[in-house]
Structures are given as C-alpha cells and as structure tokens.
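Here is the structure we will look at.
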Amino acid sequence: ATDDHQWIHTDPERAAKESPFGGTVAHGYLTLSLIPALFDQALLIKDLKMGVNYGLNRVRFTAPVRAGHRIRLRITPNKIEDVRGGTQVTWGAVMDLEGSEVPALVAEIIVRRYT
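The working numbering applies: residue 6 is where the sequence shown begins, and numbers increase by one.
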C-alpha cells in the first residue's frame with residue numbers, strides 16, 4: 006500500500022524476534038488511510054453535494070497496529086467555520102485499538118462539506 010517493504014511490515018519471523026512490537030505491524034500511513042471510510046460509516050450528512058479532505062494539522066502514530074488488531078475511529082468536531090458554499094470542520098480523530106488504553110493514532114483532520 007505504501008511501498009514500504011521494511012521487515013517490521015513484511016517478515017513475521019524476524020519481526021517476532023527483533024522488533025519491539027513483537028510481530029509485524031501495519032504501516033502507519035495505511036492506518037491513516039482508513040480514516041475516510043470509517044468517518045463515512047460514523048457520520049451521515051444529508052443534503053451534501055460534495056465533501057473534500059482539506060488536510061491535516063497534526064498526525065501522531067502513538068501505538069503499533071499488529072495483525073489481528075481491531076480498530077475503531079472516534080471523531081469530535083473541534084472547530085466549525087463557514088466557507089464559500091459550505092462549511093469547514095476541524096475534527097479531532099482518535100483511532101482506538103481494542104484492548105489497549107493507548108490509541109493507534111491521533112490526528113486533527115480538516116474536512117470541507119459543500120451543500
């Protein structure tokens with residue numbers, strides 16, 4: 006997905022022996038790329054003509070996502086602004102790992118919605 010073939014992502018035996026994570030882990034950018042799909046599952050906006058990912062203010066990969074981990078996205082609107090033809094929302098996003106107190110990812114995502 007990211008063309009990163011580092012052994013922590015591709016070699017289960019080596020990752021189990023040498024990695025501080027105890028096995029292979031998903032690419033951080035792969036985890037980040039799941040946000041739009043999870044976001045759309047969590048939120049339905051009616052009368053929407055178009056939504057645009059406007060950018061990110063901040064992203065931190067705070068814990069590894071190992072094979073078999075289940076993840077969940079929590080989103081919170083932090084700032085809402087009018088823009089020409091729509092609204093810009095800055096969302097706080099946290100990607101939780103099942104069974105872990107430390108999330109896999111925290112980010113601030115900016116989305117524009119046009120109605």
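Beta carbons are placed, not taken as given, at the ideal position from N, Cα and C, and that holds for glycine.
- With a 10 Å radius around the Cβ and a threshold of 16 neighbouring Cβ atoms, residue 107 comes out exposed.
- Residue 110 counts as buried, since no fewer than 16 other beta carbons sit within 10 angstroms of its beta carbon.
- Taking 8 Å as the cut-off, the Cβ atoms of residue 80 and residue 97 count as close.
- Annotation: the segment 72-118 contains the following complete segments of the beta strand (DSSP E) (minimum length 3 residues), in chain order: 76-88 and 91-102.
- Taking a 10 Å sphere around the C-beta of residue 69, we find 16 or more other C-beta atoms and assign the residue as buried.
- Distance from the Cα of residue 71 is smallest, within the candidate group 13, 8 and 88, for 13.
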